[in-house]
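Engineer: In case it helps, mature numbering (1 follows the signal peptide of the UniProt record, and there is no 0) puts the sequence shown at residues -20 to -1, 1 to 727.
Built from N, CA and C at the ideal position, the CB exists for glycine as well.
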Amino acid sequence: MKREFPIPVFAVLLAGAVSAALCQQPWQQLGPHGAAVAAMTGVPGYPDDLYFVPEGFPAVVWRTTDAGVRWTAVETIPAIITALAVDPLAVRTLYAAGWTRNVYRSTDAGETWPVRGTLPSGTRVRQLLVNPVTTNELWANADLPGPTGPDGPTSILSVLHSTTGGAGWTTSPLDTSFETRALLLAIDPLHPRRLFAGGSAGNRPALFASENGGASWSDIAAGLAGTCAYGLAVDPLDSTALLCATDAGLYRSPDNGANWSRTGAFPAYSVAFAAASPHTAYAGSDNLVYRSNNLGLSWYADTTSFFGTTTRWLWVSRESPYELFAANPVGIYYTTNGGFDWTPRTANWRSASVTFLGFHRPNPETAFATVAGFGPIVSSDHGVNWTRIRGFPNSGSAVCIQTNPRHPDTLAVLSAFDSRFWLTTDRGDSWSSHTTATDFVPAGFVYHPSDPDTLYAWGGKRDSTSGPTRFCLLKSSDAGRHWNTLSLRGPGFCHGLLITPTLDTLFAHGAVDNQPALLRSTDRGGSWQSLADGISGSPVRALVRSPRQPATIFCATPAGVFRSDNGGAYWTNIGLENVTTLLPDTANTSILWAGTDTQGIFYTTNNGQVWWRDTLSPAPRSILSFQRHPTRPAAVYCATQGRSILGRGIVSVAEPPAAPRIAPALQVRPSAVRRSATIILPPGWAETATLDLFTPDGRRASTSLSTRLQPQTKWARPAGLPSGTYMLVARRGQEMHVARLFLTPLR
């Protein structure tokens, strides 16, 4: 972030007064409901225990000990976390990693997360795996930055190995391409030196096997179709038989991956066997979990469907083959009968990732949004409550929704899965679709304000299925039925398009050849001029113009926010790095709001001389977009990653009830103890519970208490116990609750 520097006192006072006026209203937490799961793990031997982390920054680690009926936020990790794992031999030990160089380890069931190890710069961990028979040995599946090739930077699909509990790591590169996704990491439970790793490399499935704990790897992906290998499971009765989940189907190999045949003709994003009934297997798909009763030779969709595509997480109980959790970008679901009935466990949360937000111009109280894994949704009450737009075929892949300016009852949706343009004129009862372009990866589209038969779409286009994306703009002149390429440039991606009030002038922004791209056309796309000179950092993530001064334009890259007062001819960096979205003031060109990828919301009142953090914004710091209400400029909406939608200045909207924060079931009062404290046990535990005190590294610090326990038990500090942090553990059978306790010095 740009550093603040001293300015005259009177200027600080004036700016502070304006800032106070801007921030006098706090942000409200709006809908939609749901929980975008970024990482999840169960606990071996404890079928009702589960940990998960929603998307976004910072990462809040949530835990349940009653199969998701109640949740406790045990700790917050200052990182974007995408991988969690439990040590099967010491279930109070967990590991977490993600989009930073750090690997975090907790030895107190998630209560504290010190940094355990550091990985190479740029590493993005997507999977973690702990050896089930050797504690302190674990593996990570990750994408590492690679060398720059003819098509730009590359990525290396890699496996990292640690034998020191995450303190030190060695790296084994598996494949290099313009794009990799390290999503698959699995182990043979009967032969723990036998590993499998993969995901996607060059938009094709990648799968590798190791027989020696990761010292060497062999490619076994031949025969798999699709773009990505998401999960793998080893047959518990025959370890030479494998199941592999890809977006093109569920594949089975009888010979260690030498040959593959498709046994499930559905997109699969996870697969798992039931240890208590080895013939039973499950596969996570779109809005459904498939089941097999014959080791994956055939699959049945007789389970109840639920909401959410790309079900990447499955956790099957070791004790019961029909008890399992399933999770996707919409939330977590639980079943005790093999999927015949699913119970949503995060239905009332507001932790969704909202990828698009817009308004119905003829009726501005109606808002539209797209949610990762869920699809297009609509709200008629200022964004508090949302309903799914019925009937849309490719729900989870919707990237943008718009209404036709000439026919406001016509809704249009662009989907990423098949690059198709969808239309409905009866509010979703029926849909028609049209192809945009082969191998097109859409990011959004817009109707031309004065000519609704003309539409523009932007994103990336591949020359082949396995090629890198190129900066691409498409145009339709017949209301979306046919599309032509308007601009196709070098390797990169188009992130957005801006149509000015003159209607003939267009601005497109993104990245080309790993450089910032900002293009202007004054003839509706017939010809283009580059305006990127003076802009640093790639890509150009956001571009907005001032409502007050049309010639004043702002854009944002990872290197800063840039301002031009002459339509883009010259640019000035006004600070604040890693901005994802911008919102200019309607009257004052010196006032600008900015959303960042991990640091929340900032604003400036003096053209970037100083940026202030919006301290009234809620906890989430991963901001995706701003939208101003079309008829009430003081009403502002903010779409986030992992915290749904925030609103400020929303008229006549009462703050909706927050997702219930359950008080800790085990409590210590006071938590800072000098000589004694009161321990409050969970309801009904007084007669059967035992209490133990542990140091943070898991060593027992005092003898167990199991007699004369009351709902509120008086506890005296054992003689000789030094000051410091301890973990109080209450157990009843297989149930367990943990509370943190601080012993202060006696003097």
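Taking the beta strand (DSSP E) that ARG649 belongs to, which residues open and close that run?
Structural biologist: It spans 647 to 649 - the beta strand (DSSP E) in which ARG649 sits, taken as one unbroken run.
Engineer: How big is the Cα-Cα spacing for LEU212 and ALA306?
Structural biologist: Looking at the two C-alpha atoms, the distance is approximately 16 Å.
Engineer: Go ahead and label PRO637 buried or exposed: buried means 16 or more other beta carbons lie within 10 angstroms of its beta carbon, across all protein chains shown.
Structural biologist: At PRO637 the pLDDT is 44, less than 50, meaning the model places this residue with poor confidence; the figure from the coordinates comes in the next sentence. That one is exposed.
Engineer: State the Cα-Cα distance for the pair ASN239 and LEU230, rounded to the nearest angstrom.
Structural biologist: For ASN239 and LEU230, the distance between alpha carbons rounds to 14 Å.
Engineer: Between the C-alpha atoms of THR326 and PHE674, what's the straight-line distance to the nearest angstrom?
Structural biologist: If I take the Cα positions, the gap works out to 31 Å.
Engineer: When the Cβ atoms of the region 275 to 286 are set against those of the region 189 to 205, are three or more pairs found closer than 8 Å?
Structural biologist: No: fewer than three Cβ pairs fall under 8 Å.
Engineer: In three-state terms, what does DSSP make of SER257?
Structural biologist: Reduced to three states, the DSSP call for SER257 is coil.
Engineer: Okay, do the region 353 to 368 and the region 409 to 429 touch, 3+ Cβ pairs below 8 Å being the bar?
Structural biologist: Verdict: no, contact absent.
Engineer: Where does SER377 sit, in a helix, a strand or coil, going by DSSP?
Structural biologist: Helix at SER377.
Engineer: Using 10 angstroms around the beta-carbon of GLY506, count the other beta-carbons present and answer buried if the total reaches 16, otherwise exposed.
Structural biologist: When all chains shown are included, GLY506 counts as exposed.
Engineer: Pull up the DSSP beta-bridge partners for ASN553, would you.
Structural biologist: For ASN553, which the question treats as bridged, DSSP gives the partners PHE542.
Engineer: Tell me which same chain residues have a C-beta within less than 7 Å of the C-beta of GLY517, skipping the five on either side of it?
Structural biologist: These residues qualify, in order along the chain: PRO496, THR537, PRO538, ALA539 and GLY540.
Engineer: How should VAL718 be labelled, buried or exposed, when 16 other C-beta atoms within 10 angstroms of its C-beta is the threshold for buried?
Structural biologist: Counting Cβ neighbours within 10 Å, VAL718 comes out buried, since at least 16 surround it.
Engineer: Taking 8 Å as the threshold (C-beta atoms), are SER135 and THR160 in contact?
Structural biologist: Contact: yes.
Engineer: Near ALA619, which residues of its chain fall below 6 Å by C-beta distance, leaving aside the five closest residues on each side in sequence?
Structural biologist: Hits under 6 Å: VAL334, LEU337, LEU604, SER605 and ILE625.
Engineer: Given that a residue counts as buried once 16 or more other Cβ atoms are within 10 Å of its Cβ, and exposed if not, what is SER190?
Structural biologist: Buried is the call here.
Engineer: Under DSSP, the beta strand (DSSP E) around VAL40 begins and ends at which residues?
Structural biologist: Run containing VAL40: 39 to 44, per the beta strand (DSSP E) assignment.
Engineer: On the criterion of 16 or more Cβ atoms from any shown chain inside 10 Å, does ASN274 qualify as buried, or is it exposed?
Structural biologist: Under this definition ASN274 is an exposed residue.
Engineer: Assign SER430 to one of three DSSP states: helix, strand, or coil.
Structural biologist: Note: SER430 maps to coil in three-state DSSP.
Engineer: Based on the DSSP output, what are the partners of LEU477 in its beta bridges?
Structural biologist: Partner(s): ALA488.
Engineer: Could you check if MET707 is buried or exposed, using at least 16 other CB atoms within 10 Å of its CB as the buried criterion?
Structural biologist: Buried.
Engineer: If PRO38 and THR21 are in contact, beta carbons under 8 Å, what's the gap, nearest whole angstrom?
Structural biologist: About 19 Å separates the two Cβ atoms, so there is no contact after all.
Engineer: In chain order, what residues of the same chain lie with their CB nearer than 7 Å to the CB of ARG173, ignoring the 5 residues before and after it?
Structural biologist: Taken in chain order, the residues that qualify are GLU191, ASN192 and GLY193.
Engineer: Hey, GLY476 and HIS462: beta-carbon distance below 8 Å or not?
Structural biologist: No, they are not a contact pair.
Engineer: Can you find the residues in the same chain that come closer than 8 Å, C-beta to C-beta, to ALA1, ignoring five residues on each side of it along the sequence?
Structural biologist: Below a pLDDT of 50, predicted positions are generally treated as unreliable, and ALA1, at 43, falls in that range; the measurement from the model is reported next regardless. Nothing listed; no residue qualifies.
Engineer: When you compare only the Cα positions, how much space is there between PHE372 and ARG593?
Structural biologist: Going by the C-alpha atoms only, they are around 39 Å apart.
Engineer: Please classify residue 730 as buried or exposed, where buried requires at least 16 neighbouring CB atoms within 10 angstroms.
Structural biologist: Within the shown structure, residues of the chain are numbered from -20 to 727, placing residue 730 beyond reach of any answer.
Engineer: Using the C-alpha atoms, what's the distance from PRO610 back to THR561?
Structural biologist: In a straight line, the C-alpha of THR561 is about 18 Å away from that of PRO610.
Engineer: LEU165 lies in the beta strand (DSSP E); which residues open and close that run?
Structural biologist: Looking at the DSSP string, the run of the beta strand (DSSP E) that includes LEU165 is 160 to 168.
Engineer: Figure out for me which residue from PRO429, PRO481, GLY470 and ALA681 has the closest Cα to the Cα of GLY132.
Structural biologist: Here the closest residue by C-alpha is GLY470.
Engineer: Could you give the uninterrupted runs of the beta strand (DSSP E) lying entirely in the region 107 to 136, keeping only those of 3 residues or more?
Structural biologist: Runs found: 118 to 129.
Engineer: Near ALA209, which residues of its chain fall below 8 Å by C-beta distance, leaving aside the five closest residues on each side in sequence?
Structural biologist: Excluding residues within five positions, the ones whose Cβ falls inside 8 Å are LEU163, LEU164, GLY178, GLY179, SER180, PRO185, ALA186, LEU187, ALA201, CYS224, ALA225 and THR226.
Engineer: Would you mind stating whether ALA16 and GLY575 have Cβ atoms separated by less than 8 Å?
Structural biologist: Contact: no.
Engineer: Where does LEU726 land, buried or exposed, given buried means 16+ other C-beta within 10 angstroms?
Structural biologist: Per the 10 Å Cβ criterion, exposed.
Engineer: Between which two residues does the beta strand (DSSP E) holding LEU74 run?
Structural biologist: 70 to 78 is the span of the beta strand (DSSP E), which, as asked, contains LEU74.
Engineer: Identify whether TYR302 lies in helix, strand or coil by the three-state DSSP scheme.
Structural biologist: Coil, per DSSP.
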